[in-house]
Ligand SMILES: [Zn+2]
Ligand SMILES: [Zn+2]
Ligand SMILES: [Zn+2]
Ligand SMILES: [Zn+2]
């Protein structure tokens, strides 16, 4: 008899940041936001369309940028900055949740187990144009 390993995929990881609306917990391809949000300035344009008014740089941070975080609605850092308090909270929550899930797995009864196998969108993918003007 073959041994079957059931692997549970966590679909909505709280530490995934949407590259379209900059919010946490979903991928850009699951994003339901009507308008994109710029990661750098929080305005309603794609991060790759972000342009500077002072210099010809586009889709990248430059020295003229006044960063605005869409998630905590504050100036001073961009939406993916590690010092963002919202991001910190999300990462802490995600870690706690994962811990919870791993303990759940050990105590759960087979009847209550509902494996979700149809989704492996577990990897964070970036579509931002980081490589421009390098
Ligand atoms: Zn989104
Ligand atoms: Zn922008
Ligand atoms: Zn500039
Ligand atoms: Zn923030």
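Residue numbers (this note's numbering): 59 to 192.
C-beta atoms are modelled at their ideal positions from N, C-alpha and C, and glycine is treated no differently.
Asked: According to DSSP, residues forming a beta bridge with residue 78; Found: None; residue 78 has no bridge partner.
Asked: Backbone secondary structure at residue 241 - three-state DSSP; Found: A question about residue 241 goes unanswered here, because the residues of the chain that appear run from 59 up to 192.
Asked: Residue 129 to residue 146 span [Cα, whole Å]; Found: 11 Å
Asked: Backbone CA spacing between residue 150 and residue 144 [nearest angstrom]; Found: 10 Å
Asked: Under 6 Å, CB to nearest heavy atom of ligand 2: contacting residues; Found: 96, 98, 99, 101, 103, 108
Asked: Residue burial classification, residue 113 (beta-carbon count within 10 angstroms, cutoff 16); Found: exposed
Asked: Any 3 or more C-beta pairs closer than 8 Å across the region 127-141 and the region 72-87; Found: yes
Asked: Neighbouring residues (CB closer than 7 Å to any heavy atom of ligand 4); Found: 127, 129, 130, 132, 135, 137, 139, 142, 143, 144, 145
Asked: Coarse secondary structure for residue 93, derived from DSSP in three states; Found: coil
Asked: Residue-chain proximity (residue 162, chain D), Cβ-Cβ < 8 Å; Found: As a matter of chain content, chain D is missing from the structure shown, which is built from one protein chain.
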